[in-house]
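Structure record follows, encoded as C-alpha coordinates.
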Amino acid sequence: MKDKTIDYILRTTWLAVQKMYNEEAAKFESTMATGFTLLSIDREEGTPSTALGPKMGMEATSLSRILKTMESKGLIERKPNPKDGRGVIISLTDFGLEKRAYSREKVLTFNEAIKSKVSEEKLNSFYEVAEVINDMVSNKKIYNQND
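Residue numbering for the sequence shown follows the working numbering, starting at 75 and increasing by one per position.
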(Lines of atoms letter the chains of each structure in order from A and count residues from 1; the text may use other names and numbers.)
(Lines give C-alpha, C1' and ligand atoms only; values in the text may rest on other atoms or scores of the structure.)
Protein backbone atom coordinates (compact mmCIF):
# COMPACT_ATOMS: atom_id res chain seq x y z
CA MET A 1 0.00 0.00 0.00
CA LYS A 2 2.99 2.31 0.36
CA ASP A 3 2.87 3.16 -3.36
CA LYS A 4 -0.77 4.36 -3.09
CA THR A 5 -1.78 7.94 -2.36
CA ILE A 6 -3.02 8.87 1.11
CA ASP A 7 -6.48 9.72 -0.18
CA TYR A 8 -6.69 6.38 -2.03
CA ILE A 9 -5.87 4.48 1.16
CA LEU A 10 -8.38 6.54 3.18
CA ARG A 11 -11.11 6.05 0.59
CA THR A 12 -10.65 2.30 0.02
CA THR A 13 -10.27 1.59 3.73
CA TRP A 14 -13.38 3.58 4.58
CA LEU A 15 -15.36 1.87 1.81
CA ALA A 16 -14.36 -1.53 3.20
CA VAL A 17 -15.37 -0.52 6.74
CA GLN A 18 -18.64 0.95 5.47
CA LYS A 19 -19.41 -2.26 3.56
CA MET A 20 -18.70 -4.34 6.67
CA TYR A 21 -21.01 -2.19 8.84
CA ASN A 22 -23.75 -2.19 6.20
CA GLU A 23 -23.57 -5.99 5.96
CA GLU A 24 -23.93 -6.26 9.74
CA ALA A 25 -26.75 -3.70 9.83
CA ALA A 26 -28.60 -5.45 6.99
CA LYS A 27 -28.97 -8.50 9.22
CA PHE A 28 -31.29 -6.31 11.30
CA GLU A 29 -32.93 -4.41 8.43
CA SER A 30 -30.84 -1.31 9.07
CA THR A 31 -27.92 0.62 7.58
CA MET A 32 -24.60 1.97 8.74
CA ALA A 33 -25.96 5.52 8.35
CA THR A 34 -28.83 4.71 10.70
CA GLY A 35 -26.45 3.20 13.25
CA PHE A 36 -24.15 6.22 13.06
CA THR A 37 -27.12 8.53 13.55
CA LEU A 38 -28.37 6.53 16.54
CA LEU A 39 -24.92 6.81 18.13
CA SER A 40 -24.82 10.57 17.50
CA ILE A 41 -28.08 11.30 19.34
CA ASP A 42 -27.80 11.95 23.07
CA ARG A 43 -29.51 9.05 24.87
CA GLU A 44 -31.03 11.10 27.70
CA GLU A 45 -31.54 14.62 26.37
CA GLY A 46 -31.90 14.03 22.65
CA THR A 47 -30.06 16.27 20.20
CA PRO A 48 -31.22 19.46 18.46
CA SER A 49 -31.78 18.68 14.79
CA THR A 50 -29.63 21.67 13.81
CA ALA A 51 -26.67 20.30 15.80
CA LEU A 52 -26.92 16.75 14.49
CA GLY A 53 -25.71 17.40 10.92
CA PRO A 54 -22.52 19.25 11.92
CA LYS A 55 -21.86 16.69 14.68
CA MET A 56 -21.99 13.90 12.09
CA GLY A 57 -20.33 15.85 9.27
CA MET A 58 -23.43 15.49 7.09
CA GLU A 59 -25.39 17.82 4.87
CA ALA A 60 -28.89 18.68 6.07
CA THR A 61 -30.60 17.09 3.03
CA SER A 62 -28.91 13.72 3.52
CA LEU A 63 -29.59 13.77 7.24
CA SER A 64 -33.20 14.75 6.68
CA ARG A 65 -33.82 11.62 4.58
CA ILE A 66 -32.19 9.40 7.21
CA LEU A 67 -34.22 10.99 10.02
CA LYS A 68 -37.47 10.61 8.07
CA THR A 69 -36.76 6.89 7.59
CA MET A 70 -35.75 6.46 11.24
CA GLU A 71 -38.93 8.18 12.40
CA SER A 72 -41.10 5.96 10.18
CA LYS A 73 -39.39 2.89 11.70
CA GLY A 74 -40.08 4.11 15.22
CA LEU A 75 -36.42 4.69 16.15
CA ILE A 76 -36.70 8.41 16.88
CA GLU A 77 -39.26 11.05 17.65
CA ARG A 78 -39.19 14.78 17.07
CA LYS A 79 -40.09 17.05 19.96
CA PRO A 80 -40.27 20.86 20.10
CA ASN A 81 -37.06 22.38 21.45
CA PRO A 82 -38.00 24.15 24.72
CA LYS A 83 -34.99 26.49 24.32
CA ASP A 84 -35.81 27.41 20.71
CA GLY A 85 -39.46 27.47 19.68
CA ARG A 86 -38.54 27.03 16.00
CA GLY A 87 -36.21 24.09 16.64
CA VAL A 88 -36.73 20.38 17.10
CA ILE A 89 -35.08 17.89 19.44
CA ILE A 90 -34.44 14.44 17.99
CA SER A 91 -34.97 11.85 20.73
CA LEU A 92 -34.53 8.10 20.74
CA THR A 93 -37.53 5.89 21.35
CA ASP A 94 -37.19 2.70 23.40
CA PHE A 95 -36.76 0.83 20.10
CA GLY A 96 -34.14 3.40 19.05
CA LEU A 97 -32.27 2.89 22.31
CA GLU A 98 -32.30 -0.87 21.72
CA LYS A 99 -30.91 -0.45 18.18
CA ARG A 100 -28.38 2.10 19.46
CA ALA A 101 -27.04 -0.44 21.94
CA TYR A 102 -26.65 -2.94 19.10
CA SER A 103 -24.81 -0.36 16.97
CA ARG A 104 -22.53 0.53 19.87
CA GLU A 105 -21.71 -3.14 20.40
CA LYS A 106 -20.72 -3.51 16.73
CA VAL A 107 -18.47 -0.42 16.87
CA LEU A 108 -16.79 -1.61 20.06
CA THR A 109 -16.26 -5.08 18.56
CA PHE A 110 -14.59 -3.50 15.52
CA ASN A 111 -12.38 -1.33 17.74
CA GLU A 112 -11.32 -4.25 19.92
CA ALA A 113 -10.56 -6.41 16.86
CA ILE A 114 -8.28 -3.71 15.43
CA LYS A 115 -6.63 -3.04 18.79
CA SER A 116 -5.84 -6.73 19.14
CA LYS A 117 -3.85 -6.64 15.87
CA VAL A 118 -2.22 -3.19 16.05
CA SER A 119 0.21 -2.01 18.72
CA GLU A 120 -0.74 0.93 20.91
CA GLU A 121 2.18 2.89 19.44
CA LYS A 122 0.98 2.34 15.86
CA LEU A 123 -2.59 3.14 16.83
CA ASN A 124 -1.47 6.41 18.45
CA SER A 125 0.42 7.26 15.26
CA PHE A 126 -2.73 6.53 13.25
CA TYR A 127 -4.75 8.88 15.51
CA GLU A 128 -2.11 11.61 15.13
CA VAL A 129 -2.07 11.34 11.34
CA ALA A 130 -5.90 11.34 11.20
CA GLU A 131 -5.95 14.45 13.40
CA VAL A 132 -3.49 16.25 11.11
CA ILE A 133 -5.50 15.31 8.02
CA ASN A 134 -8.76 16.42 9.65
CA ASP A 135 -7.25 19.72 10.75
CA MET A 136 -5.70 20.47 7.37
CA VAL A 137 -8.86 19.63 5.44
CA SER A 138 -11.32 21.26 7.87
CA ASN A 139 -9.31 24.45 8.12
CA LYS A 140 -8.64 24.63 4.37
CA LYS A 141 -4.86 24.40 4.78
CA ILE A 142 -4.31 22.36 1.62
CA TYR A 143 -5.89 24.37 -1.17
CA ASN A 144 -6.23 28.11 -1.09
CA GLN A 145 -9.97 28.67 -1.35
CA ASN A 146 -9.41 31.93 -3.27
CA ASP A 147 -7.81 30.17 -6.25
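Yeah, the Cβ is synthetic: ideal placement off N, Cα and C, and Gly gets one too.
Item: Can you give me the Cβ contacts of isoleucine 216 inside the same chain, cut-off strictly under 7 Å, excluding the 5 residues immediately before and after it?; Value: Met210
Item: Just the C-alpha distance for glycine 127 and leucine 137, rounded to the nearest angstrom, thanks.; Value: 6 Å
Item: If I'm right that threonine 167 touches glutamate 179 with Cβ under 8 Å, what's the distance once you round it to whole angstroms?; Value: Not confirmed; about 19 Å, so no contact.
Item: With which residues is isoleucine 150 paired in a DSSP beta bridge?; Value: Leu166
Item: Identify the residues that DSSP records as bridge partners of proline 122: which are they?; Value: Ile163
Item: Could you give the DSSP three-state label for aspartate 77: helix, strand or coil?; Value: coil
Item: Mind checking whether serine 108 and isoleucine 140 have CB atoms under 8 Å apart?; Value: Note that residue 108 is threonine in the sequence shown, not serine. Yes, the Cβ-Cβ distance between threonine 108 and isoleucine 140 is below 8 Å.
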